[in-house]
Amino acid sequence: MECFPPALQSILKDLGTQFGQPVVVTSGHRGAGRARRGSQHRACAAADIRIPGVSAGSIAKYARAHAKVGGVGTYCGRRTGLVHVDIGPRRSWHHCGRRRS
Numbered sequence: 832m833e834c835f836p837p838a839l840q841s842i843l844k845d846l847g848t849q850f851g852q853p854v855v856v857t858s859g860h861r862g863a864g865r866a867r868r869g870s871q872h873r874a875c876a877a878a879d880i881r882i883p884g885v886s887a888g889s890i891a892k893y894a895r896a897h898a899k900v901g902g903v904g905t906y907c908g909r910r911t912g913l914v915h916v917d918i919g920p921r922r923s924w925h926h927c928g929r930r931r932s
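Going by our numbering, the residue at position 81 of the sequence shown is 912; the numbering climbs one at a time, nothing skipped.
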């Protein structure tokens, strides 16, 4: 995505190289109406991705070990197979379930 800073672009390129497949970005920048306050997506510093033929677990494991990656998240349900990567503070999560209002 055009708005991604060079650090995030570099991470996505590294992931594609590691797995020998192009990274598919399913979500990048999100405006205030679509992202939580403090979300790295609001600053265009996060991407939800998948890599064809590669499990989310394998992508997440590599991303968590990557020196430049801050946040790594995995999901279940309708977003199974997606991995969140960002250049914010170092953290990791697995989200399964619905958000509470």
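Beta carbons: idealized from backbone N, C-alpha and C, even for Gly. The model shown is predicted, which means the values in this text are computed figures rather than measured ones.
The residues 839, 859, 870, 871, 902, 915, 916, 917, 918 and 919, in chain order, have a CB closer than 8 Å to that of residue 877 in the same chain once the five nearest residues on each side in sequence are set aside.
Within the region 873-905, complete alpha helix (DSSP H) segments of at least 4 residues are found at 887-896, given in chain order.
The beta carbon of residue 925 sits closer than 6 Å to those of 905, all from its chain and outside the five residues before and after it, given in chain order. Residue range 837-850 is occupied by the alpha helix (DSSP H) that includes residue 841. Approximately 7 Å separates the beta-carbon atoms of residue 857 and residue 880; this is inside 8 Å, confirming the contact.
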